[in-house]
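Have a look at the structure below, then the notes.
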Amino acid sequence: MILEQEIVEEEESNIFNKTIVASKSYDWIEEEVMTVIFRSENSNFDICGKSMIDWVKLACVKMPVKILDEPADEVLLETIKNNAEGKKIILVLYSNTPLLQQKTILNILDYFCSKDMKALILPKGFVFKVDYLSETSQIFSPARKNFAPEEFREISNAVDIAHACDVIYKRIREFHKQNGVILKGENTIFIDADVQIEAGVVIEPMNVIKGESVLEQNVVLKSGNYIEDSVIKSGAILLGKSIVGGEEV
1 MILEQEIVEE EESNIFNKTI VASKSYDWIE EEVMTVIFRS ENSNFDICGK
51 SMIDWVKLAC VKMPVKILDE PADEVLLETI KNNAEGKKII LVLYSNTPLL
101 QQKTILNILD YFCSKDMKAL ILPKGFVFKV DYLSETSQIF SPARKNFAPE
151 EFREISNAVD IAHACDVIYK RIREFHKQNG VILKGENTIF IDADVQIEAG
201 VVIEPMNVIK GESVLEQNVV LKSGNYIEDS VIKSGAILLG KSIVGGEEV
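Position 74 of the sequence shown, counting from 1, maps to 74 under my numbering, and the rest follow consecutively.
Right, here's the structure in full:
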């Protein structure tokens, strides 16, 4: 049982609103941290081409991950303790928080280690020192830190799912724009997570691109196409209102 007595609310720091410097090394995480993700009822629900649990796993890309069914409260600590696999730190997350990003997870671990903490409550989840877990059956007065509460939002109903899709589709579009893809009327363009798009592609409004599709250099998609698991070869122009599935064009 976890007793949340005298919860400590840490002062927010500007660092949690910034992207971690790319040159910083996080090699230690793979050696020292185990992540346990507790599986919720809707874990396999598809959001933008990936299940909710896969989005959480992606945020933990630098460390080993175990997927477990969510235990009852009375065996929560024992379950966590039994899955540490010899690591020094254990991060506990839940599969119904698919908006989590890697930079947030790295910020959490940075904070936990820099403060030499034993236990930390997240908006949805925990971080523990494994040595601490081996010494206690209850957790008194753990610190709480409100990291990126929007990313820890639980996705559990139709309204939440619509919100999560909006957020993740926007992230995907931003990624492709940064890589030289031109999006016209971008709020009407829907691109799944595993789609590959090369620089110089132009996508006009009302296009849906799903699955493991590939758009090669200088492709132009006029309005209103639906593309799934297909390759659109370099320089091709789709004139609009086309349905392309499992093809090479």
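Ideal Cβ positions, reconstructed from N, Cα and C, are used throughout, including at glycine.
Cβ distance (whole Å) where residue i is taken to contact residue j below 8 Å
i      : j      : result
Tyr169 : Cys48  : 6 Å
Ile191 : Ile172 : 5 Å
Gly125 : Leu93  : 5 Å
Ala199 : Pro98  : The Cβ separation is near 28 Å, so there is no contact.
Ala193 : Lys50  : 5 Å
Minimum C-alpha distance to residue i - residue among the options
i      : options                        : result
Val36  : Lys50, Lys115, Val130, Phe45   : Val130
Met52  : Ser95, Asp194, Asp27           : Ser95
Asn187 : Gln196, Ile197, Val208         : Val208
Tyr132 : Pro149, Pro123, Ala199, Asp116 : Asp116
Gln196 : Ser223, Glu228, Cys165         : Glu228
Asn146 : Val159, Leu120, Lys88          : Leu120
Val202 : Gly211, Ile182, Ile189         : Ile182
Ile189 : Gly224, Ala148, Cys60          : Gly224
Glu212 : Ile29, Lys57, Gly246, Glu151   : Gly246
Glu30  : Phe45, Leu68, Leu109, Asp73    : Leu109
Ala143 : Tyr111, Asp166, Glu150, Arg153 : Tyr111
Ser134 : Gly180, Leu122, Thr79, Ser114  : Thr79
Gln138 : Ala148, Ala59, Met206, Glu74   : Glu74
Phe152 : Ala59, Lys222, Lys184          : Ala59
Beta-carbon spacing of residue i, residue j below 7 Å
i      : j      : result
Pro64  : Met34  : yes
Val231 : Glu248 : yes
Val127 : Leu91  : yes
Gln217 : Ser242 : no
Tyr26  : Lys81  : no
Ile89  : Glu32  : yes
Lys57  : Asn83  : no
Phe38  : Leu68  : yes
Where residue i falls: helix, strand or coil (DSSP)
i      : result
Leu239 : coil
Tyr256 : A question about residue 256 goes unanswered here, because the residues of the chain that appear run from 1 up to 249.
Arg153 : coil
Leu122 : strand
Phe147 : coil
Ile248 : It is Glu, not Ile, that sits at residue 248 in the sequence shown. Strand, per DSSP.
Asp69  : strand
Val181 : coil
Phe45  : coil
Lys81  : helix
Val231 : strand
Ser95  : coil
Lys210 : strand
Ser40  : coil
Met63  : coil
Thr35  : strand
Burial state of residue i, where buried means 16 or more other Cβ atoms lie within 10 Å
i      : result
Glu204 : buried
Thr136 : exposed
Phe175 : exposed
Gly86  : exposed
Ser43  : buried
Ala158 : exposed
Asn107 : buried
Leu215 : buried
Ile155 : buried
Leu239 : exposed
Lys210 : buried
Ala22  : Legend: pLDDT at Ala22 = 40, less than 50; position of this residue unreliable, value from coordinates given subsequently. Ala22 is exposed by the Cβ-count criterion.
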